[in-house]
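This report refers to the structure that appears directly beneath it.
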Amino acid sequence: MTDHETLRAYSDRIDEYAAVAMTEIQARAMVDFISHLPNGAHILDLGCGPGVHAAAMQAAGLRVTALDPIAEFVEVARARGVDARLGGFDDVTGTDLYDGVWASFSLLHARRADFARHLTALAKALKPGGLLFLGMKLGTGEARDDIGRFYTYYTEPALREHLEDAGLTVLSTETGEGRGLAGTLDPYILIIARG
(Lines of atoms letter the chains of each structure in order from A and count residues from 1; the text may use other names and numbers.)
(Lines give C-alpha, C1' and ligand atoms only; values in the text may rest on other atoms or scores of the structure.)
Protein backbone atom coordinates (compact mmCIF):
# COMPACT_ATOMS: atom_id res chain seq x y z
CA MET A 1 0.00 0.00 0.00
CA THR A 2 1.42 3.36 -0.96
CA ASP A 3 -1.48 5.68 -0.10
CA HIS A 4 0.41 8.15 2.07
CA GLU A 5 -2.69 9.62 3.72
CA THR A 6 -3.76 6.13 4.86
CA LEU A 7 -0.28 5.32 6.14
CA ARG A 8 -0.19 8.64 8.00
CA ALA A 9 -3.63 8.00 9.55
CA TYR A 10 -2.30 4.78 11.06
CA SER A 11 1.08 6.25 12.03
CA ASP A 12 -0.64 9.11 13.85
CA ARG A 13 -2.66 6.58 15.91
CA ILE A 14 -0.08 3.89 16.68
CA ASP A 15 -0.83 3.73 20.41
CA GLU A 16 -4.60 3.81 19.92
CA TYR A 17 -4.49 1.08 17.27
CA ALA A 18 -2.00 -1.05 19.23
CA ALA A 19 -4.45 -1.09 22.15
CA VAL A 20 -7.29 -2.52 20.04
CA ALA A 21 -7.90 -6.14 21.02
CA MET A 22 -9.01 -8.89 18.69
CA THR A 23 -12.81 -9.03 18.59
CA GLU A 24 -14.71 -12.18 19.51
CA ILE A 25 -15.71 -12.58 15.85
CA GLN A 26 -12.08 -12.27 14.69
CA ALA A 27 -10.98 -14.77 17.34
CA ARG A 28 -13.65 -17.24 16.19
CA ALA A 29 -12.58 -16.74 12.57
CA MET A 30 -8.96 -17.38 13.55
CA VAL A 31 -9.89 -20.63 15.31
CA ASP A 32 -11.75 -21.72 12.18
CA PHE A 33 -8.79 -20.74 9.96
CA ILE A 34 -6.28 -22.57 12.17
CA SER A 35 -8.48 -25.68 12.31
CA HIS A 36 -7.96 -26.15 8.56
CA LEU A 37 -4.14 -25.90 8.78
CA PRO A 38 -1.46 -28.49 9.54
CA ASN A 39 0.37 -28.30 12.88
CA GLY A 40 3.20 -25.78 12.75
CA ALA A 41 1.90 -24.24 9.52
CA HIS A 42 3.75 -21.23 8.08
CA ILE A 43 1.47 -18.18 7.86
CA LEU A 44 1.90 -14.78 6.26
CA ASP A 45 0.08 -12.03 8.18
CA LEU A 46 -0.31 -9.38 5.50
CA GLY A 47 -0.81 -5.94 7.00
CA CYS A 48 -0.12 -7.17 10.52
CA GLY A 49 -0.50 -3.80 12.21
CA PRO A 50 0.70 -4.07 15.82
CA GLY A 51 0.93 -7.87 15.60
CA VAL A 52 -2.05 -8.86 17.75
CA HIS A 53 -3.27 -11.52 15.32
CA ALA A 54 0.23 -12.75 14.48
CA ALA A 55 1.04 -13.18 18.18
CA ALA A 56 -2.19 -15.14 18.70
CA MET A 57 -1.36 -17.45 15.79
CA GLN A 58 2.14 -17.98 17.16
CA ALA A 59 0.66 -18.85 20.56
CA ALA A 60 -1.45 -21.47 18.74
CA GLY A 61 1.74 -23.11 17.43
CA LEU A 62 1.94 -21.58 13.96
CA ARG A 63 5.06 -20.08 12.40
CA VAL A 64 4.19 -16.53 11.35
CA THR A 65 5.90 -14.07 9.05
CA ALA A 66 4.28 -10.66 9.34
CA LEU A 67 4.41 -7.72 6.93
CA ASP A 68 3.31 -4.15 7.48
CA PRO A 69 4.19 -0.93 5.62
CA ILE A 70 4.40 1.14 8.81
CA ALA A 71 7.72 0.95 10.64
CA GLU A 72 6.16 1.78 14.03
CA PHE A 73 3.75 -1.15 13.71
CA VAL A 74 6.64 -3.44 12.81
CA GLU A 75 8.41 -2.33 16.00
CA VAL A 76 5.31 -2.96 18.15
CA ALA A 77 4.79 -6.38 16.56
CA ARG A 78 8.43 -7.31 17.15
CA ALA A 79 8.06 -6.29 20.80
CA ARG A 80 5.26 -8.89 20.95
CA GLY A 81 7.73 -11.52 19.71
CA VAL A 82 6.47 -11.53 16.12
CA ASP A 83 8.80 -11.99 13.12
CA ALA A 84 7.60 -8.71 11.60
CA ARG A 85 9.10 -7.07 8.55
CA LEU A 86 8.57 -3.78 6.80
CA GLY A 87 6.67 -4.45 3.58
CA GLY A 88 3.40 -4.20 1.73
CA PHE A 89 1.22 -5.90 -0.82
CA ASP A 90 3.78 -5.67 -3.62
CA ASP A 91 6.38 -7.43 -1.47
CA VAL A 92 4.49 -10.73 -1.62
CA THR A 93 6.43 -12.64 -4.25
CA GLY A 94 7.37 -16.25 -4.72
CA THR A 95 5.60 -19.54 -5.10
CA ASP A 96 4.48 -22.21 -2.60
CA LEU A 97 5.78 -20.32 0.44
CA TYR A 98 2.92 -20.35 2.94
CA ASP A 99 0.35 -22.79 4.30
CA GLY A 100 -1.90 -19.80 4.90
CA VAL A 101 -2.23 -16.07 4.40
CA TRP A 102 -4.05 -13.94 6.96
CA ALA A 103 -5.22 -10.68 5.32
CA SER A 104 -7.47 -9.21 7.98
CA PHE A 105 -8.80 -5.88 6.79
CA SER A 106 -5.60 -4.96 4.97
CA LEU A 107 -6.41 -5.50 1.28
CA LEU A 108 -9.38 -3.14 1.57
CA HIS A 109 -6.77 -0.37 1.29
CA ALA A 110 -5.60 -1.60 -2.15
CA ARG A 111 -6.71 0.32 -5.21
CA ARG A 112 -9.35 -1.47 -7.27
CA ALA A 113 -6.95 -1.58 -10.25
CA ASP A 114 -4.43 -3.53 -8.12
CA PHE A 115 -6.72 -5.85 -6.16
CA ALA A 116 -6.82 -8.76 -8.64
CA ARG A 117 -3.03 -8.65 -9.02
CA HIS A 118 -2.58 -8.81 -5.25
CA LEU A 119 -4.98 -11.74 -4.88
CA THR A 120 -3.17 -13.61 -7.65
CA ALA A 121 0.17 -13.04 -5.92
CA LEU A 122 -1.26 -14.35 -2.65
CA ALA A 123 -2.71 -17.42 -4.37
CA LYS A 124 0.67 -18.08 -5.97
CA ALA A 125 2.45 -17.67 -2.62
CA LEU A 126 0.21 -20.33 -1.05
CA LYS A 127 1.34 -23.94 -1.02
CA PRO A 128 -1.07 -26.30 -2.81
CA GLY A 129 -4.23 -26.50 -0.72
CA GLY A 130 -3.19 -23.46 1.35
CA LEU A 131 -5.72 -21.12 2.91
CA LEU A 132 -6.45 -17.43 2.56
CA PHE A 133 -8.32 -15.52 5.26
CA LEU A 134 -9.70 -12.27 3.89
CA GLY A 135 -11.49 -9.63 5.98
CA MET A 136 -13.07 -6.79 3.99
CA LYS A 137 -15.64 -4.05 4.43
CA LEU A 138 -18.68 -4.52 2.20
CA GLY A 139 -20.07 -1.90 -0.14
CA THR A 140 -19.37 -0.32 -3.49
CA GLY A 141 -17.00 2.35 -4.73
CA GLU A 142 -13.97 3.92 -3.11
CA ALA A 143 -13.85 6.46 -0.29
CA ARG A 144 -11.87 7.84 2.62
CA ASP A 145 -13.12 7.42 6.16
CA ASP A 146 -13.34 10.20 8.74
CA ILE A 147 -9.66 9.85 9.68
CA GLY A 148 -8.39 9.84 6.09
CA ARG A 149 -7.88 6.14 5.32
CA PHE A 150 -8.56 5.06 1.74
CA TYR A 151 -10.94 2.12 1.21
CA THR A 152 -12.08 0.14 -1.80
CA TYR A 153 -15.42 -1.57 -1.18
CA TYR A 154 -16.75 -4.75 -2.77
CA THR A 155 -19.95 -6.73 -2.67
CA GLU A 156 -19.82 -10.38 -1.64
CA PRO A 157 -20.47 -11.62 -5.21
CA ALA A 158 -17.65 -9.40 -6.53
CA LEU A 159 -15.23 -10.74 -3.90
CA ARG A 160 -16.19 -14.33 -4.72
CA GLU A 161 -15.54 -13.63 -8.40
CA HIS A 162 -12.13 -12.09 -7.68
CA LEU A 163 -11.16 -15.04 -5.50
CA GLU A 164 -12.26 -17.56 -8.13
CA ASP A 165 -10.37 -15.65 -10.82
CA ALA A 166 -7.25 -15.93 -8.63
CA GLY A 167 -7.73 -19.70 -8.42
CA LEU A 168 -9.14 -19.76 -4.88
CA THR A 169 -12.26 -21.62 -3.72
CA VAL A 170 -14.40 -20.05 -1.01
CA LEU A 171 -14.89 -22.43 1.93
CA SER A 172 -16.81 -20.17 4.30
CA THR A 173 -18.05 -16.64 4.81
CA GLU A 174 -19.40 -14.66 7.72
CA THR A 175 -20.92 -11.21 7.50
CA GLY A 176 -21.73 -8.67 10.16
CA GLU A 177 -21.23 -5.09 11.25
CA GLY A 178 -18.45 -3.67 13.36
CA ARG A 179 -16.79 -0.47 14.53
CA GLY A 180 -13.25 0.26 13.49
CA LEU A 181 -10.74 2.92 14.44
CA ALA A 182 -12.88 5.68 12.88
CA GLY A 183 -15.85 4.73 15.08
CA THR A 184 -18.38 4.16 12.30
CA LEU A 185 -20.52 1.01 12.12
CA ASP A 186 -19.62 -0.73 8.85
CA PRO A 187 -20.73 -3.97 7.19
CA TYR A 188 -17.96 -6.52 6.69
CA ILE A 189 -17.26 -10.01 5.43
CA LEU A 190 -14.80 -12.64 6.64
CA ILE A 191 -13.84 -15.22 4.01
CA ILE A 192 -11.78 -18.38 4.16
CA ALA A 193 -10.71 -19.67 0.74
CA ARG A 194 -8.51 -22.56 -0.36
CA GLY A 195 -5.86 -22.46 -3.07
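Mapping of the sequence shown onto this note's numbering: residues 115 to 309, in sequence order. Don't be surprised by glycine CBs; every beta carbon is placed ideally from N, CA and C. Treat the numbers as computed from the prediction; the structure is a model and nothing was measured.
Of the residues the options, which one's Cα is nearest the Cα of residue i?
{"i": "residue 306", "options": "284, 294, 292, 179", "result": "284"}
{"i": "residue 184", "options": "151, 238, 232, 117", "result": "117"}
{"i": "residue 294", "options": "171, 134, 157", "result": "134"}
{"i": "residue 176", "options": "192, 236, 158", "result": "158"}
{"i": "residue 208", "options": "239, 221, 202", "result": "239"}
For the beta strand (DSSP E) containing residue i, list its first residue and its last residue.
{"i": "residue 76", "result": "Because residue 76 is not part of the residues shown, which for the chain are 115 to 309, the question remains open."}
{"i": "residue 248", "result": "240 to 251"}
{"i": "residue 264", "result": "264 to 266"}
{"i": "residue 300", "result": "299 to 308"}
{"i": "residue 122", "result": "Segment 118 to 125 is the alpha helix (DSSP H) holding residue 122; no beta strand (DSSP E) there."}
What are the boundary residues of the alpha helix (DSSP H) that includes residue i?
{"i": "residue 147", "result": "138 to 149"}
{"i": "residue 177", "result": "Where residue 177 is concerned, there is no enclosing alpha helix (DSSP H), although the beta strand (DSSP E) it sits in stretches over 177 to 182."}
{"i": "residue 99", "result": "No information on residue 99 is available, as it lies outside the stretch 115 to 309 that the chain covers here."}
{"i": "residue 273", "result": "270 to 279"}
In chain order, what residues of the same chain have a beta carbon less than 6 Å from the beta carbon of residue i, not counting five sequence neighbours either side?
{"i": "residue 249", "result": "218, 219, 304"}
{"i": "residue 247", "result": "147, 216, 306"}
{"i": "residue 120", "result": "223, 263, 264"}
May I ask you to report which of helix, strand or coil DSSP gives residue i?
{"i": "residue 284", "result": "strand"}
{"i": "residue 225", "result": "coil"}
{"i": "residue 190", "result": "helix"}
{"i": "residue 231", "result": "helix"}
{"i": "residue 207", "result": "coil"}
Using a Cβ-Cβ cut-off of 8 Å (strictly less than) and excluding sequence neighbours within five positions of residue i, which residues of its own chain qualify?
{"i": "residue 226", "result": "256, 266"}
{"i": "residue 152", "result": "213"}
{"i": "residue 179", "result": "156, 157, 158, 159, 197, 199, 212"}
{"i": "residue 125", "result": "184, 186"}
Nearest-angstrom Cα distance between residue i and residue j?
{"i": "residue 150", "j": "residue 254", "result": "31 Å"}
{"i": "residue 190", "j": "residue 211", "result": "25 Å"}
{"i": "residue 264", "j": "residue 230", "result": "17 Å"}
{"i": "residue 311", "j": "residue 193", "result": "The structure shown does not extend to residue 311, since the chain is modelled only from 115 to 309, so the question has no answer here."}
{"i": "residue 144", "j": "residue 288", "result": "12 Å"}
{"i": "residue 136", "j": "residue 128", "result": "16 Å"}
{"i": "residue 154", "j": "residue 228", "result": "31 Å"}
{"i": "residue 244", "j": "residue 308", "result": "6 Å"}
{"i": "residue 123", "j": "residue 205", "result": "21 Å"}
If you drop the 5 nearest sequence neighbours on each side, which residues of the same chain put their C-beta closer than 7 Å to that of residue i?
{"i": "residue 132", "result": "164, 190"}
{"i": "residue 170", "result": "136, 144"}
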